[in-house]
Amino acid sequence: MSLKINFDKTNYMTFAIDSRGLPTTSTLQLPLDQNNIITLQRLTKTRYLGILIDQHLKWTDHIHQLKSKLRHLMYVFSNLKRVCSKALLREIYFAMVQSLTQYCIVAWGGAYSNIMTPLNRTLNILLRIILDKDRYFQSDELYRILDVPTIQDIYIFKVCIFSIKKQDMWTPGQTNYNTRQRGQMTTKTTHRSLTQRHFSYIGSKVFNCIPEDIWQPVEMASLACIRNRIREWLKNATNKEKIVKIVNQGISN
Numbered sequence: 116m117s118l119k120i121n122f123d124k125t126n127y128m129t130f131a132i133d134s135r136g137l138p139t140t141s142t143l144q145l146p147l148d149q150n151n152i153i154t155l156q157r158l159t160k161t162r163y164l165g166i167l168i169d170q171h172l173k174w175t176d177h178i179h180q181l182k183s184k185l186r187h188l189m190y191v192f193s194n195l196k197r198v199c200s201k202a203l204l205r206e207i208y209f210a211m212v213q214s215l216t217q218y219c220i221v222a223w224g225g226a227y228s229n230i231m232t233p234l235n236r237t238l239n240i241l242l243r244i245i246l247d248k249d250r251y252f253q254s255d256e257l258y259r260i261l262d263v264p265t266i267q268d269i270y271i272f273k274v275c276i277f278s279i280k281k282q283d284m285w286t287p288g289q290t291n292y293n294t295r296q297r298g299q300m301t302t303k304t305t306h307r308s309l310t311q312r313h314f315s316y317i318g319s320k321v322f323n324c325i326p327e328d329i330w331q332p333v334e335m336a337s338l339a340c341i342r343n344r345i346r347e348w349l350k351n352a353t354n355k356e357k358i359v360k361i362v363n364q365g366i367s368n
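Everything in the sequence shown is counted per this note's numbering, starting at 116 for the first residue and increasing by one.
Dropping the structure here:
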């Protein structure tokens, strides 16, 4: 049994920071044999494993889709809060809301603030509906009362975990001098702000901030154990601020 490509359902995408880096043609022609040529259409976005990937990797379409899903849940929770306790609403929130906001967040969570802000506002409105608070109620208090993490908190936590799981991606430093950088992973240099917000850039920087006793020895520390250690470590405001600077600005200490 041989596999064949269904060219009727086949497209292609090109990636660039802006439209100047994209090809001028919107089709790609492939010679199937001497007499037949297949023409593929270029897409500006595509769905892969449940997330929308756009040609500029700015995640605008995916986050817009996520906002639409959260708006739909506003009606659901406006009815649920009439019959459910706060504890039950919190459990439903984790099942229906956080499951959406944390899915593949390592990929899209570093999007520009002007793209992320509307999503944060939508989530704030949803929390106000759940807790029956007015529009002037402080947003930070909403998360504290319901005891749920913000989108940034989820992103920071996931990046920390992922940087440990994927530590084989990083190159150890090659210095023999007794400096602060000894034993740390080599970090990349880039001047593109979009690249500075990607995990391939910030991952090694985040990994260098995490104490070794949290993830070592890797063979004996289960993932659940590492998760708990990361949660406790991030409760310290200083530790959390280090990671916030990296994921938001691409700055390491």
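Glycine included, C-beta positions come from ideal geometry on N, C-alpha and C.
Around Thr265, the same chain offers Tyr258 as residues with beta carbons nearer than 6 Å, after the five sequence neighbours per side are excluded. Per the DSSP secondary-structure output, Met128 pairs in a beta bridge with Leu158. Inclusion of Ile317 and Val359 in the CB contact set at 7 Å is not warranted, their separation being larger than that value. Between Arg344 and Leu164, the alpha-carbon positions lie close to 29 Å from each other. Short of 8 Å from the beta carbon of Leu181, and not among the five residues preceding or following it, lie these beta carbons of its own chain, in chain order: Leu215, Thr216, Leu234. DSSP places Asp176 inside the alpha helix (DSSP H), whose first and last residues are 175-195. Trp285 is positioned such that its CB atom lies closer than 7 Å to that of Ser319.
By the CB criterion at 7 Å, Tyr127 and Leu155 fall inside the cutoff.
Contact between the region 236-248 and the region 184-198 is present: three or more C-beta pairs spanning the two stretches fall below 8 Å. Around the Cβ of Val198, a 10 Å sphere holds fewer than 16 other Cβ atoms; the residue is exposed.
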